[in-house]
Amino acid sequence: MAKPKVAVIRYEEPYESVRKAVELSRGLEGVSSRSRVFIKPNVVFWTRSTLFPKYGVITTSRVVQDMVRILRERGVEDITIGEGGVVFDPKDKETSWHAFESLGYNELKKRYGVKVINVHERPFQKINLDSEITVNVNTDILESDFVVNIPVLKTHAQTKVSLGIKNLKGLLDINSRKKCHSIDPGKDLHYMVSKLSDCIPPGFTLLDGIFTNERGPAFDGKMRRSNILVASSDTLSADKVGARLLGYEPSDVPHIALAATGSGRTTDLSDLELSGVPLEELALKLEYSFPYNEDNSLPLPMKKMGIEGLSYWKYDLTMCTYCSLLTGIILTAVAYAWKGVAWDDVEVLTGKLMKPTPGKKHSILIGKCLYEANKNHPDIGKMITIKTCPPRPDAILKAFQQVGIDLNPAVFEHMDQAPGFYLRKYEGKPEFDDSFFRVE
Numbered sequence: 227m228a229k230p231k232v233a234v235i236r237y238e239e240p241y242e243s244v245r246k247a248v249e250l251s252r253g254l255e256g257v258s259s260r261s262r263v264f265i266k267p268n269v270v271f272w273t274r275s276t277l278f279p280k281y282g283v284i285t286t287s288r289v290v291q292d293m294v295r296i297l298r299e300r301g302v303e304d305i306t307i308g309e310g311g312v313v314f315d316p317k318d319k320e321t322s323w324h325a326f327e328s329l330g331y332n333e334l335k336k337r338y339g340v341k342v343i344n345v346h347e348r349p350f351q352k353i354n355l356d357s358e359i360t361v362n363v364n365t366d367i368l369e370s371d372f373v374v375n376i377p378v379l380k381t382h383a384q385t386k387v388s389l390g391i392k393n394l395k396g397l398l399d400i401n402s403r404k405k406c407h408s409i410d411p412g413k414d415l416h417y418m419v420s421k422l423s424d425c426i427p428p429g430f431t432l433l434d435g436i437f438t439n440e441r442g443p444a445f446d447g448k449m450r451r452s453n454i455l456v457a458s459s460d461t462l463s464a465d466k467v468g469a470r471l472l473g474y475e476p477s478d479v480p481h482i483a484l485a486a487t488g489s490g491r492t493t494d495l496s497d498l499e500l501s502g503v504p505l506e507e508l509a510l511k512l513e514y515s516f517p518y519n520e521d522n523s524l525p526l527p528m529k530k531m532g533i534e535g536l537s538y539w540k541y542d543l544t545m546c547t548y549c550s551l552l553t554g555i556i557l558t559a560v561a562y563a564w565k566g567v568a569w570d571d572v573e574v575l576t577g578k579l580m581k582p583t584p585g586k587k588h589s590i591l592i593g594k595c596l597y598e599a600n601k602n603h604p605d606i607g608k609m610i611t612i613k614t615c616p617p618r619p620d621a622i623l624k625a626f627q628q629v630g631i632d633l634n635p636a637v638f639e640h641m642d643q644a645p646g647f648y649l650r651k652y653e654g655k656p657e658f659d660d661s662f663f664r665v666e
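Residue numbers (this note's numbering): 227 to 666.
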């Protein structure tokens, strides 16, 4: 059996670089003019309220446009671009369409006749990941003949890297995404993600590393201009190479290792054929985990601020996307609330597995999942709960106020503008070119 081909390209110019990646990898050999093609970019987050840094967070419109053009030149007429991004309010449908308009997808619709869909507004089909677990997957991709998967080349605070396999999580409905953050150690986030590519039609994976993101997947990571493209008709092979380029052996990335062993593949690069630029010429070493103090009770920057009387325990695999988004905002608000006087022995718990610390005076439980898990726990002192899913800003403010931590309400009233603060780090630097996120 022939080894899967993986092409590694240095991005140099529009269209030609993507075309070269496609040709070297022979990635579109399974496509005919009659194929129904589904393109899955990575639009992990969006806000209508402010400009924010998209570099290494969101798939460049440049690469999406080039792929659409290449497909049309091959005679493909039935092309759908679909994504199910995360927004602060799960009921908000307008923001996704604002993202599609801003990224130029509607312009691609006009020029090339592609369809653009918000996965959250489309039907889902129940699919078995194994003999016990089902998830609901978007029907449009399941009914396609060929999938063009275009994730960003980035690290991820929970899964180490977020590449082709992980990008498919954006095709699940909200409840299935939450299910991925299971408390079962044998069926945890790594396991769930490792199974996602098993239920998707064949296709082509193109890792967009024009920009990369350290400590991703979102706007609070450290973004770089890296000019890397990785292409393969085999998602696992592309991901193994992508992991190596980010500084990780595939065997050290749990969901990639699980996907490899589950399909009888090796966890190294010996079972694939590389072409293009040697990996050592483009290799990076990007951290994935946000730094905490020695016992993981406080983010390191807050420890350095001298904050006392508070334990804000490090996130785990069970914390889902909506709580993850809020955590960064809460931590920012807590840092601003610090006045140099120790708080009253408070701990903050997140996810689904954390347990109250015996002897702690106050335990704030963020989210419905954690409340249900700990509401009758014998070791809890004073329990302060935020029971909604996702947690409501007013409930967060009230909970912290109860333990003497006065968070600024403006941070939460305008939390959809918070991503804009991160843009300042990249303004005025020519390598961070926003035109990559427009169709021109």
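All residues carry an ideal CB built from backbone N, CA and C; glycine is no exception.
- Message: In whole angstroms, give me the CA-to-CA distance for Arg337 and Leu575.
- Response: 49 Å
- is_contact[Lys395, chain C] using C-beta, thresh 8 Å: Among the protein chains of the structure shown there is no chain C, as only one such chain exists.
- DSSP state of Phe350, grouped into three classes? strand
- With DSSP run on the structure shown, which of helix, strand or coil describes Val503? coil
- Tell me, to the nearest whole angstrom, how far the beta carbon of Arg348 is from that of Asn364; I am working on the premise that it is less than 8 Å. 6 Å
- Message: In this structure, how does DSSP classify Tyr694 when only helix, strand and coil are distinguished?
- Response: Here the chain covers residues 227 to 666 and nothing more, so residue 694 does not appear.
- Message: Quick check: the Cα distance between Phe658 and Glu309, rounded to an integer number of angstroms?
- Response: 24 Å
- Measuring CB to CB, does Ile592 end up less than 8 Å from Cys549? yes
- Residue range of the beta strand (DSSP E) that Arg262 falls in? Start and end: 262-267.
- Option nearest Leu508 by Cα separation, candidates Thr487, Ala469, Asp521: Ala469
- Message: Relative to the C-alpha of Ala233, which candidate in Met227, Glu239, Glu249 has its C-alpha closest?
- Response: Glu249
- Message: Suppose contacts are defined by Cβ-Cβ distances below 8 Å. Is Ala561 in contact with Met531 by that definition?
- Response: Contact flag set, yes.
- Task: List the whole-angstrom C-beta distance separating Val342 from Tyr331, where the pair is believed to meet the contact cut-off of C-beta under 8 Å.
- Result: 5 Å
- Mind listing, in chain order, the continuous beta strand (DSSP E) runs of no fewer than 3 residues lying wholly within the segment 426-487? If we require 3 residues or more, the beta strand (DSSP E) runs fully inside the segment 426-487 come out as 429-440, 448-458.
- Query: Contact check, Asn439 vs Gly429 under 8 Å by CB: the rounded distance?
  - Reply: In fact, because the Cβ distance is near 23 Å, the residues do not count as touching under 8 Å.
- Query: In the structure shown, what three-state DSSP assignment does His407 receive?
  - Reply: coil
- State the DSSP-derived secondary structure class of Ala670, mapped to helix, strand or coil. Examination of residue 670 is not possible in this model, given that the chain is present from 227 through 666 alone.
- Cutoff 7 Å; reference Lys352; Cβ partners in own chain excluding five residues on either side: Thr360, Asn362.
- Task: Please say whether Ser458 and Gly253 have beta carbons closer to each other than 8 Å?
- Result: At the C-beta level, Gly253 and Ser458 come within 8 Å of one another.
- Query: Under the three-state reduction of DSSP, which class applies to Ile284: helix, strand or coil?
  - Reply: strand
- Query: With distances taken from CA atoms, which of Leu551, Tyr417, Phe350, Ile376 is nearest Leu368?
  - Reply: Phe350
- Since I believe Ser251 is in contact with Lys229 (beta carbons under 8 Å), could you give me their beta-carbon distance rounded to a whole number of angstroms? With a Cβ gap of about 12 Å, Lys229 and Ser251 do not count as contacting.
- Message: List, from N- to C-terminal side, the beta strand (DSSP E) runs of 3 residues or more that fit wholly inside the segment 515-577.
- Response: Counting only runs of 3 or more, we get 536-538, 572-575.
- Where does Glu513 fall in DSSP's three states? coil
- Mind listing, in chain order, the continuous alpha helix (DSSP H) runs of no fewer than 4 residues lying wholly within the segment 352-414? 365-368, 390-393, 400-406
- Can you check DSSP and say which residues form a bridge with Glu732? For residue 732 there is no data in the structure shown, the boundaries of the chain being 227 and 666.
- Message: In whole angstroms, give me the CA-to-CA distance for Arg245 and Ile296.
- Response: Using only the alpha carbons, I get a separation of about 7 Å.
- Within the segment 587-645, ranges of the beta strand (DSSP E) (whole runs, at least 3 residues): 588-592, 608-612
- Task: For Thr306, write down the residues that DSSP places opposite it in a beta bridge.
- Result: Phe264, Lys341
- Task: In the DSSP assignment, find the alpha helix (DSSP H) that holds Ala247 and state where it starts and stops.
- Result: 242-251
- Message: Let me confirm a value: Arg441 is counted as buried when at least 16 other C-beta atoms fall within 10 Å, else exposed. Which label applies?
- Response: buried
- Quick check: the segment 570-587 against the segment 280-298, are there 3 or more CB pairs under 8 Å? no
- Task: Run the CB neighbour count on Leu526, radius 10 Å, all protein chains shown included, and call it buried at 16 or more, exposed below.
- Result: With fewer than 16 other Cβ atoms inside 10 Å of its own Cβ, Leu526 counts as exposed.
- Which residues does DSSP pair with Phe271 in a beta bridge? Val312
- Item | Buried or exposed by the 16-neighbour rule on C-beta atoms within 10 Å, applied to Gly585 | The C-beta of Gly585 has fewer than 16 other C-beta atoms within 10 Å across all chains shown, which makes the residue exposed.
- Message: Please report the straight-line C-alpha distance between Ala483 and Gly473, rounded to a whole angstrom.
- Response: 15 Å
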